[in-house]
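Q: One gets the numbering used here by counting positions in the sequence shown from 1 and adding 118 to each.
Let me give you the structure first, and then I'll get to my questions.
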Amino acid sequence: MTYKPVTHVIFDMDGLLLDTEKLYTVSFQQICGRFGKTYTWEVKSSVMGKKALDASRIIRDSLGLPMSPEELLEESRKIQECLFPTAALMPGVEKLITHLNKHNIPIAVATSSAGLTFEMKTSRHKDFFSLFKHIVLGDDPDVKNGKPNPDSFQVCASRFDPPAAPEKCLVFEDAPNGVKAGLAAGMQVVMIPDQNLDRSLTQEATLVLDNMEHFRPELFGLPAYS
Numbered sequence: 119m120t121y122k123p124v125t126h127v128i129f130d131m132d133g134l135l136l137d138t139e140k141l142y143t144v145s146f147q148q149i150c151g152r153f154g155k156t157y158t159w160e161v162k163s164s165v166m167g168k169k170a171l172d173a174s175r176i177i178r179d180s181l182g183l184p185m186s187p188e189e190l191l192e193e194s195r196k197i198q199e200c201l202f203p204t205a206a207l208m209p210g211v212e213k214l215i216t217h218l219n220k221h222n223i224p225i226a227v228a229t230s231s232a233g234l235t236f237e238m239k240t241s242r243h244k245d246f247f248s249l250f251k252h253i254v255l256g257d258d259p260d261v262k263n264g265k266p267n268p269d270s271f272q273v274c275a276s277r278f279d280p281p282a283a284p285e286k287c288l289v290f291e292d293a294p295n296g297v298k299a300g301l302a303a304g305m306q307v308v309m310i311p312d313q314n315l316d317r318s319l320t321q322e323a324t325l326v327l328d329n330m331e332h333f334r335p336e337l338f339g340l341p342a343y344s
């Protein structure tokens, strides 16, 4: 497989930079359990990378929960307020981000997380997130459609100074919806899926890795680790 050289790198956040996906699972299972329902991997993988209200609607419909999507979102947020500040960085993430930053490679984040949840999740990692040129949130007014639509990655690329051409951007994602979004934006996508994710959902990605520690920057024309 030959990869095209890139000059800019864009990262998803949940489940990719931060270990937050299991915190979502805990919060939704707590609610689903009250109604004798199980928040399965099948449902979880269908909402990974989606905007919050869209995800709540899919969970409610898939499991037949007796509440509105808005109520489900509100209840899950109350639980998440306690959980999200505990989010840790994923393995290999700090090493790669520090390396790219040291070599002046422009990096940014495109996340489906909205302002309030972003603040909660990143509260212990302010210095780390200050290394990114910019961060595009899920409630950004320029992001009209959530992933799997390409909007968040297109907006993110356009905000580099000067703006980056899509083919010069490498995207890191963990979710099938995010991979689709990156490819739809005309970018190469490195996927680092959760070990529980059905492998048939990883086939579209440019490159699939078990974790960030296995990434070799030189494959995409980026400076190699010394």
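Ideal placement from N, C-alpha and C gives every residue a C-beta, glycine not left out.
All figures in this text were calculated on a predicted structure; none of them were measured in a lab.
For a test of the three-state rule: what should DSSP assign to D257, helix, strand or coil?
A: Coil.
Q: Looking at the strands, I want to know which residues DSSP matches up with C274.
A: In the DSSP output, where bridge partners are listed per residue, C274 has none listed.
Q: Pull up the CB-CB distance for F338 and L214, whole angstroms please, since I reckon it's below 8 Å.
A: Incorrect: roughly 12 Å between the Cβ atoms, too far for contact.
Q: Exposed or buried, what is V227 when buried is set at 16 or more other beta-carbons lying within 10 Å of its beta-carbon?
A: Flag for V227 reads buried.
Q: Going by CA-CA distance only, name the one from D245, E237, V273 and P281 that's closest to T216.
A: Among D245, E237, V273 and P281, the Cα nearest to that of T216 is on D245.
Q: Does the distance from the CB of D258 to the CB of V273 come in under 8 Å?
A: The answer is yes: Cβ separation under 8 Å.
Q: Compare the beta carbon distance of Q306 and Y121 with 8 Å and say whether it is the shorter of the two.
A: Contact: yes.
Q: Quick check on D132: does DSSP put it in helix, strand or coil?
A: D132: strand per DSSP, three-state reduction.
Q: Using three-state DSSP, classify H126 as helix, strand or coil.
A: In the structure shown, H126 sits in a strand (DSSP, three-state: E or B).
Q: Within the continuous alpha helix (DSSP H) that includes Q148, where are the two ends?
A: Where Q148 is concerned, the enclosing alpha helix (DSSP H) stretches over E139 to R152.
Q: Could you tell me which residues DSSP puts in a beta bridge with L207?
A: L207 pairs with L136.
Q: Give a yes or no on whether the C-beta atoms belonging to I128 and V289 are separated by under 8 Å.
A: Yes; because the gap between Cβ atoms is below 8 Å, this pair is in contact.
Q: What three-state label does DSSP hand I225 in the structure shown?
A: Three-state DSSP puts I225 in a strand.
Q: Beta-carbon of I177 versus every beta-carbon of chain D: anything under 8 Å?
A: Given the protein chain composition of this structure (a single chain), no chain D is represented.
Q: Round the Cβ separation of S163 and I176 to the nearest angstrom and send it over; I've been treating them as touching at under 8 Å.
A: That pair is no contact at about 11 Å.
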